[in-house]
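In this text, residue positions in the sequence shown follow full-length UniProt numbering: the first is 1, and each later residue adds one.
Cβ coordinates follow ideal geometry from the N, Cα and C atoms, glycine included.
The structure presented is a predicted model; accordingly, all values stated were derived computationally and were not measured.
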Amino acid sequence: MAIPERFSNLPDYAFPRLRALLSGIAPGLRPGEAPMVLTIGEPRHAMPDFVAEVIARHMDGFARYPSNDGIPDLLDAIGGWIRRRHGIEVGADRIMALNGTREGLFNAALALCPETKAGARPVVLVPNPFYQVYAVAAAAVGAEPVFVPATPETGNLPDYAALPPALLDRVAIAYLCSPANPQGAIARRADLERLLALAERHDFLVFADECYSEIYRDDPPEGALAVATAMGLADRVVMFNSLSKRSNLPGLRSGFAAGSAANIAQLRRLRSYAGAPLSPPAQHLSAAVWRDEAHVEASRALYRQKYRIADSVLGEVPGYHPVEGGFFLWLPVADGEAAARRLWAEAGIQVLPGAYLSREVEGHNPGRGFIRVALVATPEETGSALTRLREVLYDGA
1 MAIPERFSNL PDYAFPRLRA LLSGIAPGLR PGEAPMVLTI GEPRHAMPDF VAEVIARHMD
61 GFARYPSNDG IPDLLDAIGG WIRRRHGIEV GADRIMALNG TREGLFNAAL ALCPETKAGA
121 RPVVLVPNPF YQVYAVAAAA VGAEPVFVPA TPETGNLPDY AALPPALLDR VAIAYLCSPA
181 NPQGAIARRA DLERLLALAE RHDFLVFADE CYSEIYRDDP PEGALAVATA MGLADRVVMF
241 NSLSKRSNLP GLRSGFAAGS AANIAQLRRL RSYAGAPLSP PAQHLSAAVW RDEAHVEASR
301 ALYRQKYRIA DSVLGEVPGY HPVEGGFFLW LPVADGEAAA RRLWAEAGIQ VLPGAYLSRE
361 VEGHNPGRGF IRVALVATPE ETGSALTRLR EVLYDGA
């Protein structure tokens with residue numbers, strides 16, 4: 001049986017491409033050095049210290065099927081966090097626990113994208129570069145993905161308002177990641193208000209990927225659902241967040257979606273047939289983690305320390321932009337693949353070519369001239385790795 005064309009045309013995922021790129025190249029290490037893998041966004045800060053105790057207390061839950069929508073205590077904890085963090089009330093009927101937000105970002109398109117829009121094939125707007133599940137979700141629903149540049153010229157955020165009105169009339173969903181992966185840019189309140197007004201004018205939904213919202217340099221990033229609520233447009237937004245980055249628990253696979261009761265009901269309906277809810281112990285642990293901020297503040301302090309290290313080491317590199325939020329550096333280079341090969345061969349440092357996170361549109365890939373560097377190691381390791389990176393790529397260039 002033939003593979004559906006909409007999936008066979010997808011490029012290989014970033015990390016298999018990187019393995020192929022570096023295949024056969026020995027890492028260039030000095031005596032006593034170990035390879036530094038700064039590719040994947042996997043936090044390495046300490047987990048909350050109560051994880052094992054909560055799991056142990058609820059071990060008997062592994063003998064029961066999990067709640068599909070989220071146990072009441074978890075929904076209450078998420079609602080409480082949204083109230084404290086964003087200042088809005090979101091009831092349990094407007095929240096769904098997720099098995100990681102990648103599940104939600106994909107399934108929300110399945111549940112909420114119409115078959116047609118304005119009498120034609122619907123459009124899904126995707127920032128370019130982007131988290132790859134956005135494009136796969138568009139393919140799964142048969143929508144037309146429109147990749148919108150998010151470059152230094154646009155503040156590293158997509159300018160959806162610059163698209164033609166006729167195309168905007170066909171838009172069903174617009175993805176927005178803030179702080180952005182990979183560039184670390186933050187959508188300000190005015191940016192969100194502009195996007196939400198556009199969504200209301202052209203009748204589309206905004207899927208707000210806010211997984212990096214608790215890692216930031218200065219002020220806490222605005223939340224799209226909170227801004228939409230203030231505008232009376234809460235039904236235009238589905239907000240996604242998780243414990244992977246906030247709480248250094250990527251293996252827990254725990255997140256949530258929040259939005260209007262009608263939209264969440266559609267997500268729950270799909271989940272009841274095709275979803276994979278969190279185990280009961282994981283749900284109890286997630287509730288405890290959403291209620292605790294001490295570990296989040298400690299982790300954020302470490303990221304801020306690494307921001308300062310990056311500024312000190314790389315601040316004079318032409319085109320360097322200090323990170324606003326998240327934990328990636330988006331560094332300018334002549335060619336991302338060539339830079340990744342050189343760093344591995346000469347310094348034993350693995351980074352991700354920016355082109356692997358972007359799509360080519362009209363002969364141009366906006367990520368080609370960048371590499372993504374994850375600030376997930378210790379401050380000491382980060383300083384050492386960035387110094388070596390600068391020596392290899394920038395000193396004397």
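Q: Could you please give me the residues that DSSP links to Arg372 through a beta bridge?
A: The residue given as residue 372 occupies position 372 in the sequence shown. Partner(s): Trp330 and Leu352.
Q: Identify the continuous alpha helix (DSSP H) that holds Asn263 and give its terminal residues.
A: Translated into the one-based positions of the sequence shown, residue 263 becomes position 263. That run of the alpha helix (DSSP H) goes Ala261 to Ala274.
Q) Since Ala172 contacts Ala135 with CB under 8 Å, what's their CB separation in whole angstroms? A) One-based indexing of the sequence shown puts residue 172 at position 172. One-based indexing of the sequence shown puts residue 135 at position 135. The pair is not a contact, with the Cβ atoms about 15 Å apart (cut-off 8 Å).
Q. Is Thr116 buried or exposed, if buried means 16 or more other CB atoms sit within 10 Å of its CB?
A. Counted from its first residue, the sequence shown places residue 116 at position 116. It is exposed - the Cβ of Thr116 has fewer than 16 other Cβ atoms within 10 Å.
**Q.** Contacts around Ala334, its chain only, beta-carbon distance under 8 Å, and the 5 residues preceding and following it disregarded
**A.** By one-based count along the sequence shown, residue 334 stands at place 334. Within the same chain, Ala334 has close Cβ partners Gly369.
Q | Sequence-distant residues of its chain with Cβ nearer than 8 Å to Arg342 (five each side left out) | A | Walking along the sequence shown from the start, residue 342 turns up at place 342. Within the same chain, Arg342 has close Cβ partners Val392 and Leu393.
**Q.** Stretch-stretch touch, CB-based, cutoff 8 Å, three pairs: the stretch 269 to 279 with the stretch 58 to 68
**A.** yes
Q: Return the residue from the list Val373, Ile371, Ser358 and Leu196 that minimises the CA-CA distance to Val148.
A: In the sequence shown, residue 148 corresponds to position 148, counting from 1. It is Ser358.
Q: Mark Thr101 as exposed unless 16 or more other C-beta atoms lie within 10 angstroms of its C-beta, in which case mark it buried.
A: On the sequence shown, residue 101 is found 101 positions in, with the first residue counted as 1. Label assigned to Thr101: buried.
Q. Taking the DSSP output, what are the residues bridged to Asp209?
A. Counting from 1 along the sequence shown, the entry for residue 209 is found at position 209. DSSP, once it has assigned bridges, lists Cys177 and Phe240 as partnering Asp209.
Q) Excluding the five sequence neighbours on either side, which residues of its own chain have a C-beta within less than 6 Å of the C-beta of Ser244, listed in chain order? A) One-based indexing of the sequence shown puts residue 244 at position 244. Closer than 6 Å at Cβ, skipping near neighbours: Pro250.
Q: Following the continuous alpha helix (DSSP H) through Pro165, name the residue where it begins and the one where it ends.
A: For this step, residue 165 is matched to residue 165 along the sequence shown. First-last of the alpha helix (DSSP H) with Pro165: Pro165 to Leu168.
Q | Inter-residue Cα distance where the pair is Pro43 and Asn248 | A | For the purposes of this step, residue 43 is taken as the residue at position 43 of the sequence shown. For the purposes of this step, residue 248 is taken as the residue at position 248 of the sequence shown. C-alpha separation (whole angstroms): 5 Å.
Q) Under a Cβ-count criterion, where at least 16 other Cβ atoms within 10 Å of its own Cβ denotes burial, should Met36 be classed as buried or exposed? A) Along the sequence shown, one-based indexing puts residue 36 at 36. By the 10 Å Cβ count, Met36 comes out buried.
Q) Between the Cα of Pro129 and the Cα atoms of Ala298, Arg372 and Phe106, which residue gives the shortest distance? A) Here residue 129 refers to the residue found at position 129 when the sequence shown is read from its first residue. Here the closest residue by C-alpha is Arg372.
Q) Just to confirm, are Asn99 and Tyr131 a CB contact at a threshold of 8 Å? A) Your numbering for residue 99 matches position 99 in the sequence shown. Your numbering for residue 131 matches position 131 in the sequence shown. No, Cβ-Cβ distance for Asn99 and Tyr131 is not below 8 Å.
(Q) Please list the terminal residues of the continuous beta strand (DSSP E) segment that includes Gly255. (A) Here the question's residue 255 lines up with position 255 in the sequence shown. It spans Gly255 to Ala258 - the beta strand (DSSP E) in which Gly255 sits, taken as one unbroken run.
Q) How about Thr39 and Ala374: are their beta carbons less than 8 Å apart? A) Position 39 of the sequence shown, counted from the start, is the residue given in the question as residue 39. Position 374 of the sequence shown, counted from the start, is the residue given in the question as residue 374. Cβ atoms of Thr39 and Ala374: closer than 8 Å.
Q. Considering only the beta carbon of each residue, do Ala310 and Leu389 sit closer than 8 Å?
A. On the sequence shown, position 310 is the one that residue 310 refers to. On the sequence shown, position 389 is the one that residue 389 refers to. No, Cβ-Cβ distance for Ala310 and Leu389 is not below 8 Å.
(Q) Counting C-beta neighbours from all protein chains within 10 Å, is the total for Tyr356 16 or more, i.e. buried, or is it exposed? (A) Taking the sequence shown and counting its residues from 1, one reaches residue 356 at position 356. Looking at its Cβ environment, which holds 16 or more other Cβ atoms inside 10 Å, Tyr356 is buried.
Q | Inter-residue CB distance, Gly184 and Val313 (contact presumed, cutoff 8 Å) | A | On the sequence shown, position 184 is the one that residue 184 refers to. On the sequence shown, position 313 is the one that residue 313 refers to. No, Gly184 and Val313 are not in contact; Cβ-Cβ is about 16 Å, not under 8 Å.
Q) With DSSP run on the structure shown, which of helix, strand or coil describes Val361? A) In the sequence shown, the residue the question calls residue 361 occupies position 361. Looking at Val361 - three-state DSSP - the assignment turns out to be strand.
Q: With DSSP as the reference, please indicate the residues paired to Met36 in a beta bridge.
A: The residue given as residue 36 occupies position 36 in the sequence shown. Paired residue(s): Ile349.
(Q) Measuring straight from C-alpha to C-alpha, what distance separates Ala190 and Leu198? (A) By one-based count along the sequence shown, residue 190 stands at place 190. By one-based count along the sequence shown, residue 198 stands at place 198. Their backbone Cα atoms lie some 12 Å apart in a straight line.
**Q.** DSSP state of Ala234 mapped onto helix, strand, coil
**A.** Residue mapping note: residue 234 aligns to position 234 of the sequence shown, counting from 1. Looking at Ala234 - three-state DSSP - the assignment turns out to be helix.
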